[in-house]
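Number 291 in this note's numbering belongs to position 203 of the sequence shown; there are no gaps in the numbering. We put the CB at the ideal spot given by N, CA and C, even for glycine. For clarity, every value in this text was computed on a predicted model and none was experimentally measured. What follows is a single structure, written as structure tokens, with notes after it.
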Amino acid sequence: MGKSRRKFFRGLGKLFCGVGVHQDGNDQEDLEAITATEQRVFRYDKLAAATGNFSSKHKLGEGGFGPVYKGRLEDGREVAVKQLGRGSRQGAREFENETLLLLRVQHKNVVKLHGYCADGDDKLLVYEYVSNQSLDKFLFSGEEGRKAELDWARRYQVILGVARGLLYLHESAHTTIIHRDIKASNILLDGRWTPKIADFGMARLYPENQTHVNTRVAGTNGYMAPEYVMHGVLSVKADVFSFGVLLLEIVAGRKNTAFAPLPDPDAGNLLEWAWKLYEKGNSVELLDRALSPAITAADEEQVGMCVQLGLLCTQTDPKHRPDMKIVLVALSKKPATMALEQPMRPGIPETRHRRRSHGTTSTRGSTTTPVAAASGDKSSSASSSATITTTATTSTTTTTTHSSNLLH
């Protein structure tokens, strides 16, 4: 084994297996960790054969990391092979980062890394092949038929799946992982339209017992949280913000940029437009017009709840954003049984107290989901600030449940 490869494998063992790396390199557990990691290594010639020698016919696309090719391994598995562009220092760091993070991550809503190849200057990542490509290819397509193919039922399942994947990364993985680049092009869809979070090149491990970390800002404009952009303060709530933007994009079928024309010329971006519609009680008007003919009253209730959740997730103060556990609980219940906090204007510091409201109102053509807010108490914690009130449809009483008890 080459010196550089041994160093790389020991890094994996140290990070994920909790084993010490001694200077003499004789630690038995360390060697076992290296051996386990070696089983995920692919030979370059095998990957070249699988992709037709990286033929343009097999090319799926290209990102900042490098080109991605479709391939078939000797055992019959279809894979996507991401090839690092030679001479890219940034790409090399992202390659190592993505490998380190994904080798022990396993969830149906996170893309699976089968293994990698690190052979001199040739560095490749081998993923499961996801047949329907990325979410943005459907949401932002100029073809109405392609947009409509991702109907509301499928879009709602995509929203649920991404929420489950993020909750896993934040609370159930071997250590907390902050993705840092949640967006439509990083959500892959398989043949059953199951979403899979991809591209962990900028992801970061989150130290235990810390509320946030300070780091170099990296991400995509339009998706990054204000506290992260302005101050480099990173926490799981940065992913929540990005998820909120994505949620609103899925509803609207539009990008959250000033360059995408909106029906309201006074709205600078999608968040602003969503906020204006929400304040008027017309959240359902945000819905992608390609879906309008097939939408039911029940769908409109879901749309209203999604708009409200999207706005809650994009609050300026991270303490006012729900965590992904709360988001998933809300998405998993019928809108008529939920009462969520009322959001403030996204991207604007708090200027007014939150109002209290109970129950859910919904009218066809105008759907809103009023809130049971935690009043204006500034001392409430980040977890308790996003309180959900579950209202029994057969009773006039309400029961408030804090986030720590929601899934028990």
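> Counting Cβ pairs closer than 8 Å, one from the region 201-216 and one from the region 164-173, do we hit at least three?
Replying inline: yes
>> Please give the ranges of any beta strand (DSSP E) in the region 151-176, keeping only runs that are unbroken, at least 3 residues long and fully inside the region.
In response: Here the runs fully enclosed are 155-160, 166-171.
> In or out: P437 buried (at least 16 other Cβ within 10 Å) or exposed?
Replying inline: Residue 437 sits at position 349 when you count from the first residue of the sequence shown. Below a pLDDT of 50, predicted positions are generally treated as unreliable, and P437, at 40, falls in that range; no measurement from the model is reported.
> Which residue or residues does DSSP assign as beta-bridge partners of S284?
Replying inline: Looking up residue 284 in the sequence shown gives position 196. It is worth fixing the name first, because residue 284 is Lys in this sequence and not Ser. In DSSP, K284 forms a bridge with L276.
>> Using only CA atoms, which one of S260, Q396, A385, G307 lies nearest to K271?
In response: Translated into the one-based positions of the sequence shown, residue 271 becomes position 183. Selected option, being the one with the closest Cα: G307.
> What do you reckon, are the CB atoms on L227 and G341 nearer than 7 Å?
Replying inline: For the purposes of this step, residue 227 is identified with residue 139 of the sequence shown, where counting begins at 1. For the purposes of this step, residue 341 is identified with residue 253 of the sequence shown, where counting begins at 1. Yes, the Cβ-Cβ distance between L227 and G341 is below 7 Å.
>> Given a cut-off of 7 Å on the beta-carbon distance, is the pair I338 and R243 in contact?
In response: As a working note, residue 338 is residue 250 in the sequence shown. As a working note, residue 243 is residue 155 in the sequence shown. Taking 7 Å as the Cβ cut-off, I338 and R243 qualify as a contacting pair.
> Is the beta carbon of A206 within less than 6 Å of some heavy atom of the ligand GTP?
Replying inline: Within the structure as shown, the ligand GTP is missing, as the structure has no ligands at all.
> Per DSSP, what kind of secondary structure is L227 in: helix, strand or coil?
Replying inline: Position 139 of the sequence shown holds residue 227. DSSP places L227 in helix when its eight states are reduced to three.
> If you draw a straight line from the C-alpha of N344 to the C-alpha of E162, how long is it?
Replying inline: Here the question's residue 344 lines up with position 256 in the sequence shown. Here the question's residue 162 lines up with position 74 in the sequence shown. Going by the C-alpha atoms only, they are around 42 Å apart.
> alpha helix (DSSP H) containing Y215: first to last residue?
Replying inline: Sequence index remark: in the sequence shown, residue 215 carries index 127 (1-based). Y215 -> not in any alpha helix (DSSP H); beta strand (DSSP E) instead, spanning 210-216.
> CB-CB under 6 Å to V156, same chain, minus the five flanking residues each way: which ones, in chain order?
Replying inline: Here the question's residue 156 lines up with position 68 in the sequence shown. So the qualifying residues of the chain are L148, G149, A168, K170.
>> Quick check on the burial criterion: 16 or more other C-beta atoms within 10 angstroms. Buried or exposed for K413?
In response: As a first step, residue 413 is located in the sequence shown; it is residue number 325 there, counting from the start. The residue in question, K413, is buried, as its Cβ has 16 or more Cβ neighbours within 10 Å.
>> Here's the rule: buried if 16 or more other CB atoms are within 10 angstroms of the residue's CB, otherwise exposed. What is Q430?
In response: The residue you call residue 430 lines up with position 342 of the sequence shown. Looking at its Cβ environment, which holds 16 or more other Cβ atoms inside 10 Å, Q430 is buried.
>> At the level of alpha carbons, what is the spacing between K421 and L135?
In response: Taking the sequence shown and counting its residues from 1, one reaches residue 421 at position 333. Taking the sequence shown and counting its residues from 1, one reaches residue 135 at position 47. If you take the alpha carbons of K421 and L135, they lie about 45 Å apart.
> Which whole-angstrom value describes the C-beta separation of L379 and A236, a residue pair presumed to lie in contact below a C-beta threshold of 8 Å?
Replying inline: Sequence index remark: in the sequence shown, residue 379 carries index 291 (1-based). Sequence index remark: in the sequence shown, residue 236 carries index 148 (1-based). That belief holds up - the Cβ atoms of L379 and A236 are roughly 7 Å apart, short of 8 Å.
> Ends of the beta strand (DSSP E) at L201?
Replying inline: Here residue 201 is taken as the residue at index 113 of the sequence shown, counted from 1. That run of the beta strand (DSSP E) goes 201-207.
> If you check the beta carbons only, do D278 and V218 fall under 7 Å apart?
Replying inline: Taking the sequence shown and counting its residues from 1, the one referred to as residue 278 is at position 190. Taking the sequence shown and counting its residues from 1, the one referred to as residue 218 is at position 130. In contact: D278 and V218 (Cβ atoms closer than 7 Å).
> Is it true that the CB of L365 sits closer than 7 Å to the CB of L359?
Replying inline: By 1-based counting over the sequence shown, the position of residue 359 is 271. By 1-based counting over the sequence shown, the position of residue 365 is 277. Taking 7 Å as the Cβ cut-off, L359 and L365 do not qualify as a contacting pair.
> Helix, strand or coil: how does DSSP classify L495 here?
Replying inline: In the sequence shown, the residue the question calls residue 495 occupies position 407. The predicted position of L495 is uncertain, since its pLDDT is 35 and thus under 50; a value taken from the coordinates is nonetheless stated next. The answer is coil: DSSP assigns L495 none of H, G, I, E or B.
> Roughly how many angstroms lie between the CA atoms of L501 and P410, to the nearest whole one?
Replying inline: With the chain covering 89 to 496 only, the question about residue 501 has no answer from this structure.
> Short check: CB of E315 to CB of V321, under 7 Å?
Replying inline: Translated into positions along the sequence shown, residue 315 becomes position 227. Translated into positions along the sequence shown, residue 321 becomes position 233. Yes, they are a contact pair.
>> In whole angstroms, give me the CA-to-CA distance for E265 and T187.
In response: Residue numbering aside, residue 265 sits at position 177 when the sequence shown is read from its first letter. Residue numbering aside, residue 187 sits at position 99 when the sequence shown is read from its first letter. Correcting the residue type first, residue 265 is Ile in the shown sequence and not Glu. If you take the alpha carbons of I265 and T187, they lie about 13 Å apart.
> Under 7 Å, do W363 and L350 count as touching if we go by C-beta distance?
Replying inline: By one-based count along the sequence shown, residue 363 stands at place 275. By one-based count along the sequence shown, residue 350 stands at place 262. No, the Cβ-Cβ distance between W363 and L350 is not below 7 Å.
> So C401 and F288 are in contact, right, with Cβ under 8 Å, and what is the actual spacing, rounded?
Replying inline: As a working mapping, residue 401 is identified with position 313 in the sequence shown. As a working mapping, residue 288 is identified with position 200 in the sequence shown. About 21 Å separates the two Cβ atoms, so there is no contact after all.
> Does the beta-carbon of K284 have 16 or more other beta-carbons within 10 angstroms, so that it is buried, or is it exposed?
Replying inline: Reading the sequence shown from its first residue, position 196 is the one you call residue 284. That one is buried.
>> Assuming contact is defined by CB atoms lying nearer than 7 Å, are P423 and Q396 in contact in what I supplied?
In response: Stepping through the sequence shown from its first residue, residue 423 is reached at position 335. Stepping through the sequence shown from its first residue, residue 396 is reached at position 308. Cβ distance not < 7 Å, so P423 and Q396 don't count as in contact.
>> In this structure, how does DSSP classify R409 when only helix, strand and coil are distinguished?
In response: Residue mapping note: residue 409 aligns to position 321 of the sequence shown, counting from 1. Here R409 sits in coil by DSSP.
> For G203, which residues of its own chain have a beta-carbon under 7 Å away from its beta-carbon, when the five flanking residues on both sides are left out?
Replying inline: As a working mapping, residue 203 is identified with position 115 in the sequence shown. So the list reads R128, V129, F130, V214, once near-sequence residues are dropped.
> Of all the options G154, P406, K158, which has the alpha carbon lying nearest to the alpha carbon of K145?
Replying inline: Taking the first residue of the sequence shown as 1, we reach residue 145 at position 57. Ranking G154, P406, K158 by Cα distance to K145 puts K158 first.
> Should A427 be labelled buried (16 or more other beta-carbon atoms within 10 Å of its own) or exposed?
Replying inline: For the purposes of this step, residue 427 is taken as residue 339 along the sequence shown, with counting starting at 1. A427 should be labelled buried.
> Around the C-beta of T481, are 16 or more other C-beta atoms found within 10 angstroms, so that it is buried, or is it exposed?
Replying inline: In the sequence shown, counting from the first residue as 1, residue 481 sits at position 393. Low confidence applies here, because T481 scores a pLDDT of 34, under 50, leaving its location unreliable; read the following figure in that light. So T481 counts as exposed.
> With distances taken from CA atoms, which of A241, K407, L201, A418 is nearest A326?
Replying inline: Against the sequence shown, residue 326 aligns to sequence position 238. Nearest of A241, K407, L201, A418 to A326, Cα basis: K407.
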